[in-house]
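**Student:**
Chains as they are written, first to last, in my numbering: chain C, 45 to 441; chain U, -5 to 299.
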């Protein structure tokens, strides 16, 4: 009898306990805002060909077409959600299949950002894409073309400028939008090619030496200002200026400075259906001063180069866009006239995109590359396909 | 340097002072909430709408100027049923305004006390753009507008107790006027009870349910998926079989598609809108908008073809 009572008691306490325990977390894709964690998977795959057999010599980006035939450019897993009442967090994990058939994994971003500190401030910390210009802050699936601009590859390498660090942004209390951001990030590694980079690599024909970061003064400092205003009801203008200042790996005291300006203008129909029709013009221009230290065989030298792009995208009717991009870089070949990355070149790209829905797209792009330094001009054609599963993060402007 | 700081500090104080003394700054995602907030708030509020009355509310640009607007807001009114999911979250992130953060007293989710239709049992994008919370176009039922108006008045009262008597009087007047109008609309549409309508998107289901019409045929094959020729052929066959006489089209939807369907079925194209300002003479006036919609639909039913 006693045993029975005991069992009943235990059972009833278990039942009560079961009621109190929250149900296990289920991740329902697309049900954004109703989960602790939003999760999504975005895949970018392309197929195409180029008159240039060595495609990586042509395409400067780590998520650009890597070979004739198929490339899995980017398979991005995104996790995001509110950490607690004070922070939100996000992680972007990217998988790729190399031309050799191996699978690589990289932690593209993993950061927390404050949600409730006063005075219009916001702090972000972790691994994140540096707030420099427009393209550098966007993930490949939100680009308007199959590949990254040449100038991004020239100044920031294949994976853009990003590193572990922290930044603070201030929304100024002005009537028009004006935001000021200051960031401090590590200056070394593969994702800071114009700065510390890593030992064994070379820039401007100069060998990169061991670790440049000795003190806080050897970090990468990145200020940025963005302003925006509307022109009437249907046009919006966004302008920005960015800088990136840090040590480079050619020797003690060597510094790099990069400056950039960017512009976005968009017109959208007052009767927009799914956001169409629209016309969007975007342009960026970057300048670099690479102050290389003297080596045993080479004197100290300053390499200056610049480049940029201008593109127009026309959203013709719901789910159809076409775009034209013009690019120019006047790379300084420095002490290695054969380094293909630094050859002055121009490129023109024309593309057309069909979005069956917001969750998929099919893009056809033709590019003509005009190269110098003994590298032949190239014609390339790429067909890109994207699909997205899960929570669709809203687009920033 | 010192003088710059002093000027900045003065500017800050000025901003703070002008904001403290001024009315409640109310931001509405779509214009029907803005219109109702204006009626309830009267001269005690300043209302700004983010979406235009004539554009697709699912795809509004998250413009930086909206961030500035939200940064200064005391109250935000959103539908809350994922209609704004594609553009409101980055605006709220950028706005850094605790007064209207998710869960704050100044953040009104209009759907909170509303029974939504079409709540999906499973979330499956092969079925089109299905909203997890249910069909977000609930303001097309004016009875729901009364619930939302009461909700807005309650929040205004909690944030600005001094003006509460005015808000209460205004919401009572609005509700009384709307009640009268609902009787008029119900009477006007009574002869058409059970009449089917064709719409572009499942926007008019709440309206149809309230006034006894039947809305289950859409130009979109699935929500958010553009019309395809085979689907339109099916729609036209059903329209001919069931003698459906009207195709409703909103300012941002393709009138050409609606006209092509109407031409081949002897139906009338009826210009309607979900948002005040989307039809002539309805700017910032929810009741005028519903009046215009009801009149247009009746005109469509009675049009001789």
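C-beta atoms are modelled at their ideal positions from N, C-alpha and C, and glycine is treated no differently.
Quick check on the DSSP output: the alpha helix (DSSP H) that includes residue 225/U runs from which residue to which?
**Tutor:** Residues 223 to 236.
**Student:** Alpha carbons only, please: which of 213/C, 180/C, 215/C is nearest the one belonging to residue 202/C?
**Tutor:** If we check each option's Cα against that of residue 202/C, 180/C comes out closest.
**Student:** Distance check for residue 215/U and residue 272/U, CA to CA, integer angstroms please.
**Tutor:** Taking the straight line from one Cα to the other gives about 25 angstroms.
**Student:** Is the Cβ-Cβ distance between residue 126/C and residue 154/C less than 8 angstroms?
**Tutor:** Contact flag unset, no.
**Student:** Could you give the distance in angstroms between the alpha-carbon of residue 214/C and the alpha-carbon of residue 195/C?
**Tutor:** If you take the alpha carbons of residue 214/C and residue 195/C, they lie about 28 angstroms apart.
**Student:** Residues of chain C with CB under 9 angstroms from residue 55/U, in chain order?
**Tutor:** Going along chain C in sequence order, the residues near residue 55/U (Cβ under 9 angstroms) are 280, 310, 312, 316, 319, 322, 439, 441.
**Student:** With distances taken between CB atoms, is the gap from residue 185/C to residue 430/C smaller than 8 angstroms?
**Tutor:** Cβ distance < 8 angstroms, so residue 185/C and residue 430/C count as in contact.
**Student:** Counting only Cβ-Cβ distances shorter than 8 angstroms, please list the residues of the region 195 to 225 of chain U near chain C, keeping chain order.
**Tutor:** Of all residues in the region 195 to 225 of chain U, 218, 219, 220 have a Cβ within less than 8 angstroms of some Cβ in chain C.
**Student:** May I ask you to report which of helix, strand or coil DSSP gives residue 303/U?
**Tutor:** Nothing can be reported for residue 303/U, as the shown portion of chain U is limited to -5 through 299.
**Student:** Looking at the secondary structure, which residues open and close the alpha helix (DSSP H) in which residue 289/U lies?
**Tutor:** Taken as a continuous stretch (DSSP letters only), the alpha helix (DSSP H) holding residue 289/U covers 280 to 296.
**Student:** If we cut at 8 angstroms on Cβ distances, does residue 248/U have a partner in chain C?
**Tutor:** By this cut-off, residue 248/U is an interface position.
**Student:** Keeping to the same chain, check which residues put their C-beta closer than 8 angstroms to that of residue 73/C; ignore five residues upstream and five downstream.
**Tutor:** Legend: pLDDT at residue 73/C = 37, less than 50; position of this residue unreliable, value from coordinates given subsequently. Taken in chain order, the residues that qualify are 83, 84, 433, 434, 435.
**Student:** Which parts of the region 164 to 194 of chain C are runs of the alpha helix (DSSP H), unbroken and 4 residues or longer, counting only runs that do not cross its ends?
**Tutor:** The qualifying runs do not exist here; there are none.
**Student:** Which ranges does the beta strand (DSSP E) cover as unbroken runs of at least 3 residues, wholly within the region 63 to 118 of chain U, from first to last along the chain?
**Tutor:** You should have 69 to 72, 101 to 103.
**Student:** Enumerate in chain order the residues of its own chain whose CB-to-CB distance from residue 256/U is below 7 angstroms, with the five nearest sequence positions on each side excluded.
**Tutor:** Excluding positions up to five away in sequence, the list reads 241, 262, 263.
**Student:** Answer with yes or no whether the minimum CB distance from residue 93/U to chain C is below 8 angstroms.
**Tutor:** No - not a single Cβ of chain C is within 8 angstroms of the one on residue 93/U.
**Student:** At least one CB of chain C closer than 8 angstroms to the CB of residue 65/U: is that the case?
**Tutor:** It does: the Cβ of residue 65/U has a partner Cβ on chain C nearer than 8 angstroms.
**Student:** Buried or exposed for residue 104/U, going by 16 or more other Cβ atoms inside 10 Å?
**Tutor:** Classification for residue 104/U: buried.
**Student:** Using a Cβ-Cβ distance cut-off of 8 angstroms, determine whether residue 408/C contacts chain U.
**Tutor:** By this cut-off, residue 408/C is not an interface position.
**Student:** With 8 angstroms as the limit, tell me which residues of the region 376 to 401 of chain C have their beta carbon closer than that to any beta carbon of chain U; keep them in chain order.
**Tutor:** Per Cβ criterion, the list reads 401.
**Student:** Can you tell me whether DSSP reads residue 235/C as helix, strand or coil?
**Tutor:** Coil.
**Student:** Assuming the contact rule is C-beta atoms closer than 8 angstroms, residue 149/U and residue 92/U should be a hit. Round their C-beta distance to whole Å, please.
**Tutor:** Contact doesn't hold; Cβ gap of about 16 angstroms is too wide.
**Student:** Are the CB atoms of residue 70/U and residue 94/U within a distance shorter than 8 angstroms?
**Tutor:** It is a contact, given that the beta carbons lie within the stated cut-off.
**Student:** From residue 372/C to residue 391/C, what distance separates their C-alpha atoms?
**Tutor:** Their backbone Cα atoms lie some 7 angstroms apart in a straight line.
**Student:** Which residues does DSSP pair with residue 379/C in a beta bridge?
**Tutor:** Looking at the DSSP assignment, residue 379/C forms no beta bridge with any residue, so it has no partner.
**Student:** For residue 162/U and residue 146/U, I'd like the C-alpha separation in whole angstroms.
**Tutor:** Residue 162/U and residue 146/U: Cα-Cα distance of roughly 10 angstroms.
**Student:** Are residue 295/U and residue 201/U touching if we call contact CB-CB under 8 angstroms?
**Tutor:** Not in contact: residue 295/U and residue 201/U (Cβ atoms no closer than 8 angstroms).
**Student:** Quick one: is residue 273/C near chain U, going by C-beta distance under 8 angstroms?
**Tutor:** Taking Cβ atoms only, chain U reaches closer than 8 angstroms to residue 273/C, which makes this a yes.
**Student:** What residues in its chain sit with their C-beta under 6 angstroms from that of residue 283/U, if we drop five residues either side in the sequence?
**Tutor:** 270, 276, listed in sequence order.
**Student:** Excluding the 5 residues preceding and the 5 following residue 337/C in the sequence, name in chain order all residues of the same chain whose CB lies nearer than 7 angstroms to its CB.
**Tutor:** Result list for residue 337/C: 294, 295, 296, 297, 298, 344, in chain order.
**Student:** For residue 307/U, tell me which candidate among 172/U, 125/U, 117/U has the shortest Cα-Cα distance.
**Tutor:** Residue 307/U is absent from the structure shown; chain U starts at -5 and stops at 299.
**Student:** Please classify residue 191/U as buried or exposed, where buried requires at least 16 neighbouring CB atoms within 10 angstroms.
**Tutor:** Buried, because 16 or more other Cβ atoms sit within 10 Å of the Cβ of residue 191/U.
**Student:** Taking the continuous beta strand (DSSP E) assigned at residue 400/C, which residues delimit it?
**Tutor:** That run of the beta strand (DSSP E) goes 389 to 401.
**Student:** Taking contact to mean 3 or more Cβ pairs, one atom from each stretch, closer than 8 angstroms, check whether the region 25 to 34 of chain U and the region 221 to 229 of chain U are in contact.
**Tutor:** In short, these stretches do not touch, since the Cβ pair count stays below three.
**Student:** Quick one: measure Cβ to Cβ for residue 243/U and residue 254/U, integer angstroms, because I've assumed they're closer than 8 angstroms.
**Tutor:** Not really, about 11 angstroms apart at Cβ, beyond 8 angstroms.
**Student:** Can you tell me where the alpha helix (DSSP H) with residue 166/U in it begins and where it stops?
**Tutor:** Unbroken alpha helix (DSSP H) run through residue 166/U: 158 to 183.
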